[in-house]
Amino acid sequence: MEAEKVDQFLLANEHKFPEYEIPINRLLNLTPEQEFLLTTTPFKSPGKILLASIFLGTIGLDRFLLGDIGKGIGKLLTGGGLGLWWIVDWFLITGATKRHNMNILMKIVS
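In terms of UniProt numbering, the sequence shown has 11 at position 11, counting the first letter as 1, and numbering is strictly consecutive.
Spelled out as structure tokens, the structure:
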């Protein structure tokens, strides 16, 4: 992947990943297949997941969207942990979303 394309990717997506963890050197050495995967992978938006958490977090939608099926079922069955887990997730879900995106990115560049 060319440096210019890496810069474009970073400008468009840096808010979706944890700070200082994007492996820029690996992005520069992608194969064409990895580059295709990277450009076609829809990374989750932390802001959208936060909104899902605020409005539908009591039924676990935020966790289901991130693929945390067990936590989603737990929130669904307990009404968001009687409301406590739901409120705590307002502060934790953006970090969880960024970690989810980073795991996907690392699978692509590995």
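Just so you know, even glycine gets a beta-carbon here, dropped at the ideal spot from N, CA and C.
Buried versus exposed call for residue i [16 or more other C-beta atoms within 10 Å across all chains shown]
| i | result |
| --- | --- |
| D7 | exposed |
| W86 | buried |
| M1 | buried |
| P46 | buried |
| L30 | buried |
| I69 | exposed |
| G83 | exposed |
| I93 | buried |
| F55 | exposed |
Secondary structure of residue i, DSSP reduced to three states
| i | result |
| --- | --- |
| I22 | coil |
| S45 | coil |
| F17 | coil |
| M102 | helix |
| L10 | helix |
| G95 | helix |
| D89 | helix |
Euclidean distance between Cα positions of residue i and residue j
| i | j | result |
| --- | --- | --- |
| L28 | H15 | 19 angstroms |
| G57 | K75 | 8 angstroms |
| K98 | L77 | 26 angstroms |
| G67 | G60 | 11 angstroms |
| V109 | G95 | 21 angstroms |
| M102 | K5 | 18 angstroms |
| K48 | E19 | 19 angstroms |
Cutoff 6 angstroms; reference residue i; Cβ partners in own chain excluding five residues on either side
| i | result |
| --- | --- |
| F64 | G72 |
| R26 | V109 |
7 angstroms CB neighbourhood of residue i in its chain, flanking five on each side removed
| i | result |
| --- | --- |
| A52 | L61, D62, L65 |
| N13 | F43 |
Neighbour flag for residue i against chain B, beta carbons, 9 angstroms
| i | result |
| --- | --- |
| L51 | Given the protein chain composition of this structure (a single chain), no chain B is represented. |
Own chain residues within Cβ distance below 8 angstroms of residue i, not counting five before or after
| i | result |
| --- | --- |
| L38 | M1, F9, L27, L30, L105, I108, V109 |
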